[in-house]
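This report concerns only the one structure given below.
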Amino acid sequence: MSSVNIETRRVQRFGKSTLMVSLPAEWVRTVNLKPGDTVTIIIDDDNTLRIFPTFVKPEKRERRLIIRASKVVNAEVIYKIVTSAYTLGYDKIYIEVVDGFLEEDHLKTIRKLSKELIGTEIIEHMPSRIVIQVFIDPAKYSIHGIITRMGSIIRSMVNYLYIILSEDKLHYISEIQELGSELERLSKLATRQTFVAQIDRIYASTLNIRSYMLPRYRTITRSLDIIGESIINATEILSKLSPNDRRLLRSLADEIKEILDLYITSIDKAIGVILEPNIARAFNTELLARELRLHISRFIEKHQDTLKAGENYVALSEFFEYFRRSATDIEVMTDVSFDLTVEKHEGVIDLSIGEALKIV
16 MSSVNIETRR
26 VQRFGKSTLM
36 VSLPAEWVRT
46 VNLKPGDTVT
56 IIIDDDNTLR
66 IFPTFVKPEK
76 RERRLIIRAS
86 KVVNAEVIYK
96 IVTSAYTLGY
106 DKIYIEVVDG
116 FLEEDHLKTI
126 RKLSKELIGT
136 EIIEHMPSRI
146 VIQVFIDPAK
156 YSIHGIITRM
166 GSIIRSMVNY
176 LYIILSEDKL
186 HYISEIQELG
196 SELERLSKLA
206 TRQTFVAQID
216 RIYASTLNIR
226 SYMLPRYRTI
236 TRSLDIIGES
246 IINATEILSK
256 LSPNDRRLLR
266 SLADEIKEIL
276 DLYITSIDKA
286 IGVILEPNIA
296 RAFNTELLAR
306 ELRLHISRFI
316 EKHQDTLKAG
326 ENYVALSEFF
336 EYFRRSATDI
346 EVMTDVSFDL
356 TVEKHEGVID
366 LSIGEALKIV
């Protein structure tokens, strides 16, 4: 365990307006700092300072995980461990077989992982050992960018779903599944980014997010992922319905489109508030999400008899239940986006001017 040296120094005045504090002599010798050298100062979220010589970059310690396995181990276990290690911020993952060679299912699983996990590459490949390296530039994959992309994917999924429902174009089911896979990849990347930023404040500053707000961003991306899962589940129900039951849903297409439009609008507005904080919009978005859930409930109640007339009432009901449940996840998103909006106002919220006056 590393020790922490704490010293107390008196702040002195130098000139009329400059305050000065001396640096610890032992630290100066250790880093070989000389008069005239420059130092870099980082101001953290809690207003603490970190100082290091400009010629010495703060090292990011590479996190490594070694998985030692038997050749008979279930490949699914390896899949789960590597995925978890990725989201927990490990940079290099070693997979070693101690009693033989990697089996065919192991190799297929590892190749699948390298495609599923954004920024991963197989850098060493031997019969009994594979090494996966994670190469991710935090500046390239900002949390706001990931959230925006996830919202765009969900919008596309809903559009395809409506085409399937209204025009019976079942071949679009595969498009929704592909989009769902991309959504899951982004969700895992977001989990990794927010976790690494929590343990590395420099990484957090690169993402331009205060470290203590990172769990809320993780909640948003997880909610988007769950919403995507609900759409996929609803789509799978559509694919299994009889032609008569699909025809029954088409008879309700106009009202369903109204629900889907409200569904997408709620998500878009929640994301918009995250990108451009505004108390009035954040509050109204919360109300909109609540209305979405109530609107779906009223629709289900209104058309109970119609759904019961179908060949598979349970499946028809479950189709709409997926949207009612995911509306709750949208409410979670709007709640969190409101929290983020409050925090970004940095201690002063003026409800006496502008759009805030429209809140009644």
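One rule links them: number in our numbering = place in the sequence shown (from 1) + 15. C-beta atoms are modelled at their ideal positions from N, C-alpha and C, and glycine is treated no differently.
Taken through DSSP and simplified to helix, strand or coil, E136 comes out as strand. About 5 Å separates the beta carbon of I161 from that of L201, a gap short enough to meet the 8 Å contact definition.
In this structure, the beta-carbon distance from E118 to I82 does not fall below 8 Å. About 6 Å separates the beta carbons of L176 and T250, which is inside the 8 Å limit, making them a contact pair. Pairing V113 with A154, the inter-Cα distance amounts to about 39 Å. Counting C-beta pairs with one atom in each stretch, the region 103–110 and the region 138–153 have three or more that are closer than 8 Å, which means they touch. Here I274 is near I311, since their CB atoms are less than 8 Å apart. For F210, the closest of R231, G195, D365 by C-alpha to C-alpha distance is R231. Proximity to P39 across I66, N248, R296 peaks at I66, based on C-alpha coordinates.
Counting only runs that start and end inside the region 284–314, there is no alpha helix (DSSP H) element of at least 4 residues.
The beta carbons of F334 and I315 sit no closer together than 8 Å. Beta-bridge partners assigned by DSSP to I147: I108, I137. Here the alpha carbon of T98 sits roughly 11 Å from the alpha carbon of T206.
In the structure shown, R340 falls within a helical segment according to DSSP collapsed to helix, strand and coil.
Fewer than three beta-carbon pairs drawn from the region 294–301 and the region 183–199 are found closer than 8 Å, and the two stretches are therefore not classed as touching. Per DSSP, R24 lies in no beta strand (DSSP E) segment and is marked neither H nor E. Annotation: the continuous alpha helix (DSSP H) that includes P258 extends over 258–265.
Taken in chain order, the complete beta strand (DSSP E) segments of 3 residues or longer contained in the region 144–222 are 144–149. Below 8 Å, too few C-beta pairs join the region 347–357 and the region 251–259 to call them touching: fewer than three. I279 sits close to V173, with the two beta carbons spaced by under 8 Å. Note: R83 is bridge-paired with E111 in the DSSP secondary-structure output.
Each of I169, R305, F116 was checked against the Cα of T343, and the nearest Cα belongs to R305. Take the alpha-carbon of L34 and the one of E291: they are about 37 Å apart. The three-state reading of DSSP puts R233 in helix, counting H, G and I together. For the set D269, I57, D365, L355, the Cα lying nearest the Cα of T221 is the one of I57. Annotation for G325: D260, L263, L331 place their beta carbon closer than 7 Å to its own, counting only its chain and skipping 5 residues before and after.
Under the three-state reduction of DSSP, F67 is assigned to strand.
Here F29 carries a strand assignment [DSSP, helix/strand/coil].
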